[in-house]
Amino acid sequence: MSDRPTVLVPIRVLEGESIHDGVPELLADAHVVLLGYHVIPEQTPPGQARMQFEEQATARMDELESLFEDAGATVERRLVFTGEAQKTIDRTIYEHDCLAVLVPDAVVALEDVLVAVRGTVGIDRLARVVSGLFANADADVTLYHVAGESESDADAETLLSGLADRLAESGVDPDRIETRIERDRKPLAAIIEASDTFDAVVMGESDPSLATFVFGMPAEQVAERFLGPVLIVQRERPESE
């Protein structure tokens, strides 16, 4: 299925980190890049760590891969022993041209999805992720935008209606799409507050601070702020990067 969005799922494979309930079903229509990684001390050669832990890690990767495949996703996987987890995640995003990265928290029932739209940059990639994952789902999709000081109501409405039209053309039922615009709020704080009533969050990485905000925190802190899984849609990098 060529239109499956490619989603990176990074897992600390030897630290007991698991795939929460509902996450495989969330990515049933995705092409999952399953990154199992283990952070090793700086002085430990990756080859030595691989010899010591590869069998255990591979067995765990087999289990995780089966969860996604049983839900309907296609899967490719990588097992990495690294001293720098964030660089490994970033490199995997680029090498596999991942449209989004998942912070995998539990989702009991996927009924309401919040799509945080932060600007026109990356709208195409945002549309591909949302339509690819939710066109065949029963979930309602709320397009959410915090308008800037210089942004008129008409501009904000045009932004969201344009995305809504794109999603409808890609198979998302228009009756399941809603739009919501707010003002006089800090975008990240507003998204966090709004996410409380939704089962999953999709947001665009419109600037580097967003990725740092999400991935720069321990998973427990992310879970405290977002009650369900979070998909970070990656901005398209210039080839020079």
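According to UniProt numbering, the residues represented by the sequence shown are 1 to 241, in order. Idealized CB from N, CA, C, for every residue including glycine. This structure is a prediction, so every number in the text was calculated from the model and none was measured.
Quick check on DSSP: helix, strand or coil for residue i?
i, result
"D140", "strand"
"P174", "helix"
"P10", "strand"
"V129", "helix"
"R4", "coil"
"T179", "strand"
"L165", "Before going on, a small fix: residue 165 reads as Asp here, not Leu. Helix."
"E55", "helix"
"T74", "strand"
"L110", "coil"
"F198", "coil"
"G83", "coil"
"I232", "strand"
"V39", "strand"
"V23", "helix"
"A156", "helix"
"G119", "coil"
"G204", "strand"
"L102", "strand"
Counting only the same chain and skipping the five closest in sequence on each side, list residues whose C-beta sits under 7 Å from that of residue i.
i, result
"R128", "P5 and L99"
"K186", "none"
Quick one: is residue i buried, meaning 16 or more other Cβ sit within 10 Å of its Cβ, or exposed?
i, result
"P41", "exposed"
"M203", "buried"
"residue 246", "This structure does not reach residue 246, given that the chain is present from 1 up to 241, and the question cannot be answered."
"M61", "buried"
"P45", "exposed"
"S195", "buried"
"D3", "exposed"
"residue 243", "The structure shown does not extend to residue 243, since the chain spans only 1 to 241, so no value can be given for it."
"D29", "buried"
At a cut-off of 8 Å, is residue i close to the ligand COA when judged by its beta-carbon and the heavy atoms of the ligand?
i, result
"F198", "As for the ligand COA, it is missing from this structure, which has no ligand bound."
Tell me which same chain residues have a C-beta within less than 6 Å of the C-beta of residue i, skipping the five on either side of it?
i, result
"S209", "The predicted position of S209 is uncertain, since its pLDDT is 45 and thus under 50; a value taken from the coordinates is nonetheless stated next. Nothing listed; no residue qualifies."
"R183", "A147"
"V101", "L8 and I232"
Among the options, whose alpha-carbon lies nearest the alpha-carbon of residue i?
i, options, result
"I19", "I123, F81 and G228", "G228"
"I177", "V23, I89 and A135", "A135"
"G36", "A30, E17, D21 and S161", "E17"
"D140", "L160, S150, D175 and S152", "D175"
"L26", "F226, R225 and D199", "D199"
"H38", "F81, F226, T179 and G171", "F81"
"I181", "D29, E149 and A168", "E149"
"V83", "V230, E55, Q48 and P104", "The question names Val, yet the displayed sequence has Gly at residue 83. Out of V230, E55, Q48 and P104, Q48 has the C-alpha closest to the C-alpha of G83."
"T58", "Y94, H145, D29 and I11", "I11"
"V13", "E65, Q43 and D29", "E65"
"T197", "Y144, A164, V233 and L163", "Y144"
"D165", "E151, S152 and L126", "L126"
"V230", "E169, V103, R91 and Y94", "V103"
Please work out which residues of its chain come closer than 8 Å, Cβ to Cβ, to residue i, disregarding the five sequence neighbours upstream and downstream, and give them in chain order.
i, result
"P24", "L67, F68, D70, A71 and A73"
"residue 259", "An answer regarding residue 259 cannot be provided, because it is not within the stretch 1 to 241 covered by the chain."
"V130", "V113, V115, V141, L167, V172 and V202"
"S161", "T179"
"E15", "H38"
Would the stretch 72 to 80 and the stretch 113 to 127 be scored as touching if the rule is three or more Cβ pairs under 8 Å?
no
Pairs of beta-carbons, one from the stretch 150 to 168 and one from the stretch 186 to 205, closer than 8 Å: are there three or more?
no
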